[in-house]
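Undergrad:
Residue numbers (the numbering used here), protein chains in the order written: chain A, 76 to 354; chain B, 60 to 364.
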């Protein structure tokens, strides 16, 4: 599937909203308005932004989305309510009635399922749900959670039963700060192929993500290992890699400066109003 | 025409058949359709009918069942040996049991967790329902009779909770119901759980032959614990308190239930269950639930204190 200019603009706008949201969350953490532990997704937003735009473009609206911590961007891109998320992060009754904090957010309206904190548990749960109702199912995970033995078993059963699954591994090469090469000598896409599943190892640029979504999407399971760069650690204490360019800056270069400014200002207005309603 | 009452085994089989063919449910587990059909408790149905063979990945398998529950298929999840819950429990107790509370999404599943014992080593033997007991969001029943099993299934289908159903293969032949044994003025009171109910009834009979009146109140609904007024009544009249019997280690459900009973009745309670050691395969190394003889000895010891 090729990326049209119109869809590229959608992706940029969506990713920009996520980026600005996360930067604002970081500021609110610093100013102590947010006192819960937060798991920021800044730097990784092009994965969720691209996939959400792609699915909408393909008319796949009955999908169910399983996320884990560091899932703010996924929540926002797939239709989660901004006000609900802000309230939840402020420790009030938000999208998860105060039970979810940053890590376990969900949205019934957007068919987004929250995570319980047991890393990788949503892999088998997503697969069990896809088996039971046969709906298109996305399962977002990190490169560390994907190492959980039961997550690997879930990939295996999804392949065995040919389920409508899309596994999305957000691979920033780190578990906290331990690199992949310290933890393992294999890659997730190799494992998935070993389970006889289509799988690709790609960068988080929208073109590559679009190209990886073939015509058999959700007819047969697929795993995308998407290399990405997380900007903030848990609550903004550092950056994963100073060497990796910022995807938002790179992708933005294809648009005019006027469009970038217009996008930034529009999203800024949306977010300013939203935060103002709750601070 | 006189009909033969169904055994517990047959009732379980018919319950599963109804669940798959009438209630649009699923049954999931490992090696379900292999020889034996889990002790003859499953109807001969296959995946097209909702009988789902899972891979031999216990942690993930339980997760698949949780996903099925989240999708509203109310899976009957079969765990062939209760000790395997050390692998099966994590996603059930951390997701299914909490889902309604955290996200307002019920995750009703019926966990058929099966106990047996005698020469099967340190993991496969005995009941392990206490693993789940300490966690919120789960109901624990231990039906040993046909009627109790039907009640368990009805309660499950009428609600939206996670049910841990502690079965025991030693009860599959049972076709009768077990009434409580009540005395106007008992000397002692037993509160047996799971397979210890059979031993408790036998112990009560043996002790009555010696003139010792031991009431027996069967515990079937473990969590939430059904503290019946008859329990308190018997304990209040008993001269030397009572004892909770379990097929699990005593540092779990047995002591918790004993505490609740003792606090409610203001009397001394004791517990009998598995000894605090690992079970071996040989007879001399095995770790079995209390026999009638052990219960008799325990009661006499308490009465002479």
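The C-beta atom is built at its ideal place from N, Cα and C for all residues, glycine as well.
In the structure shown, what three-state DSSP assignment does residue 236 of chain A receive?
TA: As a working mapping, residue 236 of chain A is identified with position 161 in the first chain. Coil at residue 236 of chain A, not helix or strand.
Undergrad: Name the residue from A/298, A/286, A/162, A/285 whose alpha carbon lies nearest to the alpha carbon of residue 270 of chain A.
TA: As a first step, residue 270 of chain A is located in the first chain; it is residue number 195 there, counting from the start. Among A/298, A/286, A/162, A/285, the Cα nearest to that of residue 270 of chain A is on A/298.
Undergrad: Measuring alpha carbon to alpha carbon, tell me which of B/284, B/254, B/248 ends up nearest residue 271 of chain B.
TA: Here residue 271 of chain B refers to the residue found at position 212 when the second chain is read from its first residue. Out of B/284, B/254, B/248, B/248 has the C-alpha closest to the C-alpha of residue 271 of chain B.
Undergrad: Can you list the residues of chain C that residue 224 of chain A reaches, using a CB-CB cut of under 9 Å?
TA: This model lacks chain C altogether; the protein chains it does include are A and B.
Undergrad: Residue 277 of chain A: beta carbon under 8 Å from a heavy atom of the ligand FMN?
TA: As presented, the structure is devoid of all ligands, the ligand FMN included, so that no description of it is given.
Undergrad: Residue 232 of chain A touches chain B at which residues, Cβ-Cβ below 8 Å?
TA: Along the first chain, read from residue 1 onward, the residue named residue 232 of chain A stands at position 157. Going along chain B in sequence order, the residues near residue 232 of chain A (Cβ under 8 Å) are 113, 114, 116, 119, 123.
Undergrad: Could you tell me the distance, in whole angstroms, from the CA atom of residue 165 of chain A to the CA atom of residue 89 of chain A?
TA: Here residue 165 of chain A is taken as the residue at index 90 of the first chain, counted from 1. Here residue 89 of chain A is taken as the residue at index 14 of the first chain, counted from 1. Distance between the alpha carbons of residue 165 of chain A and residue 89 of chain A is about 23 Å.
Undergrad: Could you list which residues in chain B have their beta carbon closer than 8 Å to that of residue 125 of chain A, in chain order?
TA: Taking the first residue of the first chain as position 1, residue 125 of chain A is located at position 50. Simply none; closest approach about 26 Å.
Undergrad: Could you tell me which of A/243, A/171, A/173, A/130 sits nearest to residue 195 of chain A, measuring between CA atoms?
TA: To locate residue 195 of chain A, count along the first chain from 1; it is residue 120. Minimum Cα distance to residue 195 of chain A is reached at A/243.
Undergrad: Starting from the beta carbon of residue 196 of chain A, find every residue of chain B whose beta carbon is closer than 9 Å, and list them in chain order.
TA: Position 121 of the first chain holds residue 196 of chain A. In chain order: 118, 122, 125, 149, 150, 153, 154.
Undergrad: At 3 residues or longer, and completely inside the stretch 173-202 of chain B: list those beta strand (DSSP E) runs for me, N to C.
TA: Here the runs fully enclosed are 197-200.
Undergrad: Excluding sequence positions up to five away, which residues of its chain have a Cβ less than 8 Å from the Cβ of residue 167 of chain A?
TA: Counting from 1 along the first chain, the entry for residue 167 of chain A is found at position 92. Around residue 167 of chain A: 173, 353.
Undergrad: Hey, could you find the ends of the beta strand (DSSP E) residue 302 of chain A is sitting in?
TA: As a position in the first chain, residue 302 of chain A is number 227, starting the count at 1. First-last of the beta strand (DSSP E) with residue 302 of chain A: 297-302.
Undergrad: Name the chain A residues that come within less than 7 Å of residue 132 of chain B, Cβ to Cβ?
TA: Indexing the second chain from 1 puts residue 132 of chain B at position 73. Residues of chain A passing the Cβ test: 207.
Undergrad: Where does residue 342 of chain A land, buried or exposed, given buried means 16+ other C-beta within 10 angstroms?
TA: For the purposes of this step, residue 342 of chain A is taken as the residue at position 267 of the first chain. That one is buried.
Undergrad: Check each residue of the stretch 160-185 of chain B: if its Cβ is closer than 8 Å to any Cβ of chain A, include it; give the result in chain order.
TA: Against chain A - using a Cβ distance shorter than 8 Å - the residues of the stretch 160-185 of chain B are 160, 161, 162, 163, 164.
Undergrad: Could you tell me the distance, in whole angstroms, from the CA atom of residue 127 of chain B to the CA atom of residue 125 of chain A?
TA: As a position in the second chain, residue 127 of chain B is number 68, starting the count at 1. As a position in the first chain, residue 125 of chain A is number 50, starting the count at 1. Computed Cα separation, rounded: 29 Å.
Undergrad: Take the Cβ of residue 189 of chain B as the centre, count every other Cβ of all protein chains shown within 10 Å, and call the residue buried at 16 or more, exposed below.
TA: Along the second chain, read from residue 1 onward, the residue named residue 189 of chain B stands at position 130. It counts as buried.
Undergrad: Got a sec, what are the start and stop residues for the beta strand (DSSP E) residue 135 of chain B sits in?
TA: Position 76 of the second chain holds residue 135 of chain B. 135-138 is the span of the beta strand (DSSP E), which, as asked, contains residue 135 of chain B.
Undergrad: DSSP on residue 154 of chain A, reduced to helix/strand/coil?
TA: Here residue 154 of chain A is taken as the residue at index 79 of the first chain, counted from 1. Correct three-state label for residue 154 of chain A: coil.
Undergrad: Would you kindly check if the distance between the Cβ of residue 137 of chain A and the Cβ of residue 210 of chain A is under 9 Å?
TA: Residue 210 of chain A sits at position 135 when you count from the first residue of the first chain. Residue 137 of chain A sits at position 62 when you count from the first residue of the first chain. In this structure, residue 137 of chain A lies closer than 9 Å to residue 210 of chain A by Cβ.
Undergrad: Which residues in the same chain have their Cβ closer than 6 Å to the Cβ of residue 319 of chain A, if we skip the five residues on either side of it in sequence?
TA: Along the first chain, one-based indexing puts residue 319 of chain A at 244. Excluding positions up to five away in sequence, the list reads 304.
Undergrad: Reducing DSSP to helix, strand and coil, say where residue 168 of chain A ends up.
TA: Stepping through the first chain from its first residue, residue 168 of chain A is reached at position 93. Note: residue 168 of chain A maps to coil in three-state DSSP.
Undergrad: First and last residue of the beta strand (DSSP E) that includes residue 344 of chain A?
TA: The sequence position of residue 344 of chain A within the first chain is 269, counting from 1. Per DSSP, residue 344 of chain A belongs to no beta strand (DSSP E); it is in the alpha helix (DSSP H), 332-353.
Undergrad: Quick test of your reading: residue 185 of chain A and residue 144 of chain A, contact by CB under 8 Å. State the CB separation rounded to the nearest angstrom.
TA: Numbered from its first residue, the first chain carries residue 185 of chain A at position 110. Numbered from its first residue, the first chain carries residue 144 of chain A at position 69. Residue 185 of chain A to residue 144 of chain A, Cβ: 18 Å. No contact.
Undergrad: May I ask you to verify whether the stretch 62-82 of chain B touches the stretch 190-208 of chain B, counting CB pairs closer than 8 Å and requiring at least 3?
TA: Touching, yes.
Undergrad: Is there a Cβ of chain B sitting closer than 9 Å to that of residue 154 of chain A, yes or no?
TA: The residue given as residue 154 of chain A occupies position 79 in the first chain. Residue 154 of chain A does not count as touching chain B.
Undergrad: Just grab the DSSP bridge partners of residue 316 of chain A for me.
TA: Stepping through the first chain from its first residue, residue 316 of chain A is reached at position 241. DSSP output for residue 316 of chain A lists no bridge partner at all.
Undergrad: By Cβ distance below 8 Å, which residues in the same chain neighbour residue 268 of chain A in space, the five residues on each side in sequence not counted?
TA: For this step, residue 268 of chain A is matched to residue 193 along the first chain. Cβ neighbours of residue 268 of chain A beyond the five flanking positions: 274.
Undergrad: Return the chain-ordered ranges of every alpha helix (DSSP H) run that is complete within the stretch 93-134 of chain A and spans a minimum of 4 residues.
TA: Correct list: 120-132.
Undergrad: Would you list, in chain order, the members of the stretch 69-91 of chain B that have their beta-carbon closer than 9 Å to a beta-carbon of chain A?
TA: Within the stretch 69-91 of chain B, the residues whose Cβ lies closer than 9 Å to some Cβ of chain A are 85, 87, listed in chain order.
Undergrad: In the DSSP output, what is residue 212 of chain A paired with across the bridge?
TA: The residue given as residue 212 of chain A occupies position 137 in the first chain. According to DSSP, which records beta bridges pairwise, residue 212 of chain A is partnered with A/139, A/240.
Undergrad: Give the single residue among B/62, B/134, B/180, B/335 whose Cα lies nearest to the Cα of residue 345 of chain B.
TA: Residue numbering aside, residue 345 of chain B sits at position 286 when the second chain is read from its first letter. Looking at the Cα atoms, B/180 is the closest of the given residues.
Undergrad: Find out if the Cβ-Cβ distance for the pair residue 82 of chain B, residue 216 of chain B is shorter than 9 Å.
TA: Translated into the one-based positions of the second chain, residue 82 of chain B becomes position 23. Translated into the one-based positions of the second chain, residue 216 of chain B becomes position 157. In this structure, residue 216 of chain B lies closer than 9 Å to residue 82 of chain B by Cβ.
Undergrad: Rounded to a whole number of angstroms, what is the C-alpha to C-alpha distance between residue 138 of chain B and residue 152 of chain B?
TA: Residue numbering aside, residue 138 of chain B sits at position 79 when the second chain is read from its first letter. Residue numbering aside, residue 152 of chain B sits at position 93 when the second chain is read from its first letter. Roughly 15 Å between the two C-alpha positions.
Undergrad: Can you give, in chain order, each stretch of the beta strand (DSSP E) that sits fully within the stretch 180-229 of chain A and has at least 3 residues?
TA: Counting only runs of 3 or more, we get 212-217.
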